[in-house]
Amino acid sequence: MTQSTVCSIIKRFTTTGNGRRGKAPGRKLTSTDRDVLIFRRYIRKKRHIAVSDLVTWERQSLGKTISEASTSRYIERCGYAFYKARRKPFLTPSNKRRRVALAKSHLS
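In structure tokens form, the structure reads like this:
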């Protein structure tokens, strides 16, 4: 390590009490921790709600305008994922024949 690096680490340690760097500046989050807790509770209660419906709920209850992208990001941070229901396959001709045979056997 260079001498300037060592000097800056020592200086930081004497001023703050630890040698780690501070938090990097960044954009402030739109939701507070309390808002996220309320949001998480609402998601747990209504698991199959659409993101657009969540955005309208946030506007009404929390009084904040948050975009759909930010809302989906908060959902992922809460530990939930997006799932799509599996589609039921169409009936194949062999399935139709089996079903007719089963119905005929039940009738007789």
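Numbering (our numbering), first residue to last: 8 to 115. For every residue, glycine included, the Cβ atom is placed at its ideal position computed from N, Cα and C. Computed from a predicted structure; not experimentally measured.
The Cβ atoms of Ile50 and Val62 lie no closer than 8 Å to each other. Judged by their CB atoms, Glu75 and Ser59 are nearer to each other than the 8 Å cut-off.
Under the 10 Å beta carbon count, Tyr90 is surrounded by fewer than 16 other beta carbons and is classified as exposed.
Two segments are said to touch when three or more pairs of C-beta atoms, one from each, lie closer than 8 Å; by this definition the stretch 38 to 45 touches the stretch 64 to 73. Going by DSSP, Ser15 is part of the alpha helix (DSSP H) stretching over Gln10 to Thr23.
Per the C-alpha coordinates, the member of Phe97, Ser79, Asp42 and Arg105 positioned closest to Ser68 is Asp42. In this chain, the alpha helix (DSSP H) harbouring Ala108 covers Pro100 to Leu114. It is roughly 26 Å from the alpha-carbon of Gly29 to the alpha-carbon of Ser77.
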